[in-house]
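S.K.: To start, I am sharing the structure in question, which I have written as structure tokens.
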Amino acid sequence: MRSADVVVIGAGQAGLSAAYHLQRRGFVPAGTGSPGARSYAVLDAEDGPGGAWRHRWKSLLMATVNGISDLPGIQQPAVDPEESSSSFLTRYFAGYEDELALAVERPVKVRAVSREDGDPAGRLRISASRGEWSARAVINATGTWTRPFWPIYPGQSGFRGRQLHVADYVSAEEFRGRHVIVVGGGISAVGLLDEISTVTTTTWFTRREPVWREAAFDRKAGHDAVALVEQRVRQGLPPQSVVAVTGLIWTPALRAAAARGVLERHPMFTGIEAGGVRMADGSFLAADVILWATGFRAELDHLAPLHLRGPGGGIAMDGTRVAAEPRVHLVGYGPSSSTIGANRAGRAAVAGILTMLAEQDKLE
0 MRSADVVVIG AGQAGLSAAY HLQRRGFVPA GTGSPGARSY AVLDAEDGPG
50 GAWRHRWKSL LMATVNGISD LPGIQQPAVD PEESSSSFLT RYFAGYEDEL
100 ALAVERPVKV RAVSREDGDP AGRLRISASR GEWSARAVIN ATGTWTRPFW
150 PIYPGQSGFR GRQLHVADYV SAEEFRGRHV IVVGGGISAV GLLDEISTVT
200 TTTWFTRREP VWREAAFDRK AGHDAVALVE QRVRQGLPPQ SVVAVTGLIW
250 TPALRAAAAR GVLERHPMFT GIEAGGVRMA DGSFLAADVI LWATGFRAEL
300 DHLAPLHLRG PGGGIAMDGT RVAAEPRVHL VGYGPSSSTI GANRAGRAAV
350 AGILTMLAEQ DKLE
């Protein structure tokens, strides 16, 4: 078993932010032999740098995500707005890890985090695909990409066409000549509607009427949105996405799509049939593809041995710290699940862990 004061699980934006702040506060990579220094390790399940950005579709360009993906401490390199986000951000994250010499080990899949004993100030055991670790604290930054959410609808299994989640989306061209239903009310849904509608016909369905934001999304608006999501997780409720709070933001491309009639929203269909869907008004709509742009859930199964979830179905949080388990911090969960809050969450988690470790050291 290897040992570190802090183990970070995940090396996406939130995980790298946490690693940066650990290093900045004097933590060194585990096993380097620096006497008296606190140590850390980062375990990442991906084959290389980039986190979930490695898997984004090639047509998602930096013109869309630029300005919200900056990592702390080093200025982001020049961005070509026409470069795919998966290409740029994978390269950017790799350079960031190299320049700061962050202690990222991959591919390492964490299977379980458990308590080594009943001591609330004791150590945590991290069981992974490449051995076990013992740590005084864990920063979990596993994000959501690996847990796409698929709603269940009557008749779904009998659909003869293709069903896919946005996590499996590659390009609009594969749908040419086929009618595509897009389900979901978020940014991915409207962005892919716009893209797919340039090569074939589409129909848009959402559970609720979409809310469009006319005002600019400035720093204050981002802060207010994060605060509203944070309020839910403090109460132990499952977090909403930040987008659910902010609403959809008009862009020139989306206004053009609306002018083409692409963003005409329909209430959810009542069932799925072999050749299409049954509309809310009882009529039938033939379709060849159903694209579920229905979001993701937090990847937290490996934390199940800690029994962190409360009666409300969520995990009660105090900032980034799990209220019932101060040795565990969640970044990329709830208010920090978007790029708006990820960097701040990494800094906050490290500050909280430093306070906890200092208090423990006083008692020893």
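Numbering that gives the first Met the number 0 puts the sequence shown at residues 0 to 363. All residues carry an ideal CB built from backbone N, CA and C; glycine is no exception.
1) Between the Cα of residue 261 and those of 284, 196 and 290, spot the shortest distance and give me the residue it belongs to.
2) Could you have a look at residue 202 and say whether DSSP puts it in helix, strand or coil?
3) If we ignore side chains and look at the alpha-carbon of each, how far apart do residue 11 and residue 110 end up?
4) With DSSP run on the structure shown, which of helix, strand or coil describes residue 2?
5) Which residues does DSSP pair with residue 28 in a beta bridge?
6) Please determine if the region 50 to 67 and the region 109 to 125 are in contact, where contact requires at least 3 C-beta pairs separated by less than 8 angstroms.
7) Run through DSSP, which three-state label would residue 74 get?
8) Evaluate residue 358 with the Cβ neighbour count: other Cβ atoms within 10 Å of its Cβ, from every protein chain shown; 16 or more gives buried, anything less gives exposed.
9) Assign residue 171 to one of three DSSP states: helix, strand, or coil.
10) My assumption, with CB atoms under 8 angstroms, is that residue 142 sits in contact with residue 324. Please give the rounded CB distance.
11) Sort 211, 160 and 107 by Cα distance to residue 174 and report the nearest one.
12) Quick one: Cα of residue 283 to Cα of residue 300, how far?
13) Flag this pair as yes or no: are the beta carbons of residue 46 and residue 103 separated by less than 8 angstroms?
14) Opposite residue 109 in the DSSP bridges: which residues?
15) So, residue 293 versus residue 150, is the Cβ gap smaller than 8 angstroms?
16) Ignore the nearest five residues each way along the sequence and tell me which others in residue 249's own chain have a CB closer than 8 angstroms to its CB.
17) Less than 8 angstroms between the CB atoms is what I'm expecting for residue 107 and residue 127, so what's the real figure, rounded?
18) How many angstroms separate the CA atom of residue 171 from the CA atom of residue 26?
19) Out of curiosity, what's the CA-to-CA distance linking residue 139 and residue 163?
20) Quick check on DSSP: helix, strand or coil for residue 52?
21) Taking residue 168 as the reference, give the member of 147, 154, 17 and 277 with the closest Cα.
22) For residue 96, is the classification buried or exposed, using 16 other Cβ atoms within 10 angstroms of its Cβ as the cut-off for buried?
23) Could you check if residue 194 is buried or exposed, using at least 16 other CB atoms within 10 Å of its CB as the buried criterion?
24) Hey, could you find the ends of the alpha helix (DSSP H) residue 186 is sitting in?
25) Quick one: what's got a C-beta closer than 7 angstroms to residue 122's C-beta in the same chain, skipping five residues either side?
26) DSSP three-state call for residue 62: helix, strand or coil?
27) Do residue 1 and residue 36 have their C-beta atoms within less than 8 angstroms of each other?
28) Tell me the DSSP bridge mates of residue 134?
29) Rank 14, 255, 332 and 295 by C-alpha distance to the C-alpha of residue 313 and give the top, closest one.
30) Return yes when the Cβ of residue 257 is within less than 8 angstroms of the Cβ of residue 178, no when it is not.
31) Just checking my contact of residue 99 with residue 19 at CB under 8 angstroms: how many whole Å lie between their CB atoms?
32) Measure the CB-CB distance between residue 295 and residue 52 and report whether it falls below 8 angstroms.
33) With DSSP as the reference, label residue 346 as helix, strand or coil.
34) Suppose you measure from the CA of residue 89 to the CA of residue 82; what does that come to, to the nearest Å?
35) As an exercise, report each continuous beta strand (DSSP E) stretch of at least 3 residues that is fully enclosed by the region 237 to 304, in chain order.
M.R.: In terms of the structure at hand:
1) 196
2) strand
3) 18 angstroms
4) strand
5) Beta-bridge annotation (DSSP): residue 28 is paired with 39.
6) With a cut-off of 8 angstroms on Cβ pairs, the region 50 to 67 is not in contact with the region 109 to 125, counting fewer than three such pairs.
7) coil
8) exposed
9) The answer is helix: DSSP assigns residue 171 an H, G or I state.
10) Not confirmed; about 20 angstroms, so no contact.
11) 160
12) 39 angstroms
13) no
14) 127
15) yes
16) 211, 212 and 213
17) 5 angstroms
18) 46 angstroms
19) Using only the alpha carbons, I get a separation of about 28 angstroms.
20) In the three-state reduction of the DSSP assignment, residue 52 falls in the helix class, which pools H, G and I.
21) 147
22) Buried: at least 16 other Cβ atoms inside 10 Å.
23) Burial call: buried.
24) 186 to 195
25) 115, 133, 134 and 135
26) helix
27) no
28) 3 and 123
29) 332
30) no
31) 6 angstroms
32) no
33) helix
34) 12 angstroms
35) Secondary structure remark: continuous beta strand (DSSP E) runs of at least 3 residues inside the region 237 to 304, in chain order: 264 to 266, 270 to 272, 275 to 277, 283 to 285 and 288 to 291.
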